[in-house]
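Data block below; observations after.
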Amino acid sequence: MSLVDLIARADERGLAASGLACLDRCVPLLGGDDEILRPLWGNLTDASDAADWGGLLEQVRGKLDAGADVSGEDGDEAVLLARRMLEAAPAERTGAGLRIWADACSVASLQIHRLLDPADDPSPLDSRRAGATEGMPPLVAAELRRQVAVLEVLAGHGAGGLRRALEVSTEGRRVLRAVVSRRARGRK
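Be aware that the sequence shown starts at 1490, since it is given in my numbering, and climbs by one per residue.
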(Lines of atoms letter the chains of each structure in order from A and count residues from 1; the text may use other names and numbers.)
(Lines give C-alpha, C1' and ligand atoms only; values in the text may rest on other atoms or scores of the structure.)
Protein backbone atom coordinates (compact mmCIF):
# COMPACT_ATOMS: atom_id res chain seq x y z
CA MET A 1 0.00 0.00 0.00
CA SER A 2 1.33 3.45 -0.83
CA LEU A 3 2.02 6.12 1.76
CA VAL A 4 -0.90 8.15 0.39
CA ASP A 5 -3.24 5.17 0.91
CA LEU A 6 -1.94 4.55 4.43
CA ILE A 7 -2.60 8.16 5.43
CA ALA A 8 -6.07 8.03 3.87
CA ARG A 9 -6.95 4.91 5.90
CA ALA A 10 -5.31 5.89 9.21
CA ASP A 11 -7.38 6.49 12.32
CA GLU A 12 -6.93 9.58 14.49
CA ARG A 13 -4.16 8.03 16.62
CA GLY A 14 -2.33 6.90 13.47
CA LEU A 15 -2.63 10.35 11.92
CA ALA A 16 -1.41 12.09 15.07
CA ALA A 17 1.50 9.65 15.38
CA SER A 18 2.34 10.01 11.68
CA GLY A 19 2.55 13.80 11.85
CA LEU A 20 4.32 13.70 15.20
CA ALA A 21 6.87 11.16 13.93
CA CYS A 22 7.69 13.34 10.91
CA LEU A 23 8.14 16.33 13.20
CA ASP A 24 10.15 14.25 15.68
CA ARG A 25 12.61 13.19 13.00
CA CYS A 26 13.09 16.85 12.02
CA VAL A 27 13.56 18.20 15.58
CA PRO A 28 17.36 18.52 15.08
CA LEU A 29 16.66 21.36 12.65
CA LEU A 30 14.74 23.19 15.37
CA GLY A 31 17.45 22.74 17.99
CA GLY A 32 15.31 20.46 20.15
CA ASP A 33 16.60 17.62 22.26
CA ASP A 34 15.56 13.98 21.94
CA GLU A 35 12.93 14.27 24.69
CA ILE A 36 11.18 17.47 23.58
CA LEU A 37 8.20 15.70 21.96
CA ARG A 38 7.91 12.92 24.56
CA PRO A 39 4.82 14.48 26.23
CA LEU A 40 2.98 14.48 22.90
CA TRP A 41 3.94 10.84 22.27
CA GLY A 42 2.64 10.02 25.75
CA ASN A 43 -0.65 11.69 24.88
CA LEU A 44 -1.28 9.04 22.20
CA THR A 45 -1.63 6.17 24.69
CA ASP A 46 -4.98 4.67 25.68
CA ALA A 47 -4.60 6.05 29.22
CA SER A 48 -4.19 9.64 28.02
CA ASP A 49 -6.79 12.33 27.49
CA ALA A 50 -6.92 13.68 23.93
CA ALA A 51 -8.09 17.00 25.38
CA ASP A 52 -4.59 17.51 26.86
CA TRP A 53 -2.98 17.55 23.39
CA GLY A 54 -3.39 21.30 22.80
CA GLY A 55 -1.79 22.31 26.10
CA LEU A 56 1.10 19.92 25.60
CA LEU A 57 1.57 21.20 22.07
CA GLU A 58 1.78 24.80 23.28
CA GLN A 59 4.41 23.81 25.87
CA VAL A 60 6.49 22.15 23.15
CA ARG A 61 6.14 25.16 20.86
CA GLY A 62 7.24 27.44 23.69
CA LYS A 63 10.34 25.36 24.39
CA LEU A 64 11.31 25.12 20.72
CA ASP A 65 10.72 28.82 20.14
CA ALA A 66 12.77 29.90 23.18
CA GLY A 67 15.83 31.60 21.78
CA ALA A 68 15.09 30.41 18.24
CA ASP A 69 14.93 32.50 15.10
CA VAL A 70 11.26 31.76 14.35
CA SER A 71 11.62 33.02 10.80
CA GLY A 72 14.16 30.26 10.11
CA GLU A 73 17.88 30.08 10.52
CA ASP A 74 19.29 32.36 7.81
CA GLY A 75 16.24 31.60 5.66
CA ASP A 76 17.21 27.90 5.56
CA GLU A 77 14.38 26.14 3.70
CA ALA A 78 14.71 22.89 5.69
CA VAL A 79 14.42 24.79 8.99
CA LEU A 80 11.44 26.75 7.68
CA LEU A 81 9.66 23.53 6.65
CA ALA A 82 10.29 21.97 10.07
CA ARG A 83 9.03 25.09 11.82
CA ARG A 84 5.87 25.07 9.66
CA MET A 85 5.22 21.45 10.64
CA LEU A 86 5.29 22.46 14.30
CA GLU A 87 3.15 25.56 13.77
CA ALA A 88 0.56 23.68 11.68
CA ALA A 89 -0.05 21.01 14.32
CA PRO A 90 -3.75 21.10 15.20
CA ALA A 91 -4.73 22.18 18.69
CA GLU A 92 -7.18 19.27 18.89
CA ARG A 93 -6.19 15.64 18.47
CA THR A 94 -9.37 14.86 16.54
CA GLY A 95 -11.03 15.47 13.22
CA ALA A 96 -10.03 16.33 9.71
CA GLY A 97 -7.29 18.69 10.91
CA LEU A 98 -5.17 15.68 11.86
CA ARG A 99 -5.39 14.18 8.38
CA ILE A 100 -4.41 17.48 6.77
CA TRP A 101 -1.51 17.88 9.23
CA ALA A 102 -0.26 14.30 8.81
CA ASP A 103 -0.33 14.66 5.03
CA ALA A 104 1.44 18.04 5.11
CA CYS A 105 4.06 16.71 7.55
CA SER A 106 4.71 13.75 5.27
CA VAL A 107 5.39 16.03 2.31
CA ALA A 108 7.43 18.51 4.37
CA SER A 109 9.58 15.81 5.94
CA LEU A 110 10.29 14.19 2.59
CA GLN A 111 11.16 17.61 1.15
CA ILE A 112 13.49 18.29 4.09
CA HIS A 113 15.26 14.99 3.51
CA ARG A 114 15.46 15.77 -0.21
CA LEU A 115 17.04 19.16 0.53
CA LEU A 116 19.61 17.54 2.82
CA ASP A 117 20.42 14.61 0.51
CA PRO A 118 23.33 15.40 -1.82
CA ALA A 119 21.87 13.13 -4.54
CA ASP A 120 19.47 14.69 -7.02
CA ASP A 121 15.89 13.45 -7.26
CA PRO A 122 13.98 14.88 -10.23
CA SER A 123 10.77 12.92 -9.54
CA PRO A 124 7.88 14.76 -7.88
CA LEU A 125 7.30 13.91 -4.22
CA ASP A 126 3.68 13.05 -5.01
CA SER A 127 4.81 10.19 -7.23
CA ARG A 128 7.23 9.00 -4.53
CA ARG A 129 4.45 9.01 -1.94
CA ALA A 130 2.20 7.12 -4.36
CA GLY A 131 4.75 4.31 -4.68
CA ALA A 132 7.19 5.24 -7.48
CA THR A 133 10.35 4.60 -5.47
CA GLU A 134 12.86 3.48 -8.10
CA GLY A 135 16.02 5.56 -8.11
CA MET A 136 15.22 7.52 -4.95
CA PRO A 137 18.13 9.16 -3.14
CA PRO A 138 19.04 7.16 0.00
CA LEU A 139 18.08 9.75 2.61
CA VAL A 140 14.67 10.33 1.01
CA ALA A 141 14.06 6.59 0.51
CA ALA A 142 14.82 5.92 4.18
CA GLU A 143 12.41 8.66 5.27
CA LEU A 144 9.68 7.25 3.05
CA ARG A 145 10.22 3.78 4.57
CA ARG A 146 10.01 5.24 8.08
CA GLN A 147 6.75 7.02 7.31
CA VAL A 148 5.24 3.81 5.93
CA ALA A 149 6.53 1.79 8.91
CA VAL A 150 4.95 4.15 11.46
CA LEU A 151 1.55 4.02 9.76
CA GLU A 152 1.68 0.23 9.26
CA VAL A 153 2.64 -0.53 12.85
CA LEU A 154 -0.13 1.68 14.21
CA ALA A 155 -2.69 0.27 11.79
CA GLY A 156 -1.75 -3.24 12.87
CA HIS A 157 -1.31 -2.71 16.61
CA GLY A 158 -3.07 0.51 17.61
CA ALA A 159 -1.71 2.00 20.84
CA GLY A 160 0.40 -1.14 21.23
CA GLY A 161 2.43 -0.02 18.23
CA LEU A 162 3.42 3.34 19.72
CA ARG A 163 6.70 2.04 21.15
CA ARG A 164 7.78 0.69 17.76
CA ALA A 165 6.65 3.91 16.02
CA LEU A 166 8.75 5.91 18.48
CA GLU A 167 11.75 3.64 17.85
CA VAL A 168 11.43 4.18 14.09
CA SER A 169 11.22 7.91 14.65
CA THR A 170 14.20 7.94 17.02
CA GLU A 171 16.32 6.11 14.46
CA GLY A 172 15.40 8.68 11.81
CA ARG A 173 16.10 11.57 14.17
CA ARG A 174 19.60 10.22 14.83
CA VAL A 175 20.26 9.98 11.10
CA LEU A 176 19.02 13.51 10.47
CA ARG A 177 20.98 14.86 13.46
CA ALA A 178 24.17 13.40 11.90
CA VAL A 179 23.31 14.93 8.51
CA VAL A 180 22.60 18.33 10.09
CA SER A 181 25.85 18.17 12.06
CA ARG A 182 27.86 17.25 8.98
CA ARG A 183 26.18 20.04 7.04
CA ALA A 184 27.00 22.59 9.78
CA ARG A 185 30.65 21.53 9.76
CA GLY A 186 30.70 21.95 5.98
CA ARG A 187 29.45 25.54 6.27
CA LYS A 188 32.29 26.58 8.61
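Virtual Cβ for every residue (Gly too), placed ideally from N, Cα, C. As the structure is a computational prediction, the values presented were derived from the model and not from experiment.
Check                                                                                                                : Outcome
According to DSSP, is L1492 part of a helix, a strand, or is it coil?                                                : helix
Considering T1659, what are the terminal residues of the alpha helix (DSSP H) in which it resides?                   : L1651 to R1676
Between the C-alpha atoms of R1502 and L1512, what's the straight-line distance to the nearest angstrom?             : 15 Å
From this set, R1672, S1658 and L1651, which residue's C-alpha is nearest S1537's C-alpha?                           : L1651
Hey, which unbroken runs of the alpha helix (DSSP H) at 4 residues or more fall wholly within the segment 1543–1613? : 1566–1577 and 1585–1605
Given a cut-off of 9 Å on the beta-carbon distance, is the pair V1669 and L1545 in contact?                          : no
Around the Cβ of Q1548, are there at least 16 other Cβ atoms within 10 angstroms (buried) or fewer (exposed)?        : exposed
Consult DSSP for L1529 and reduce its assignment to one of helix, strand or coil.                                    : helix
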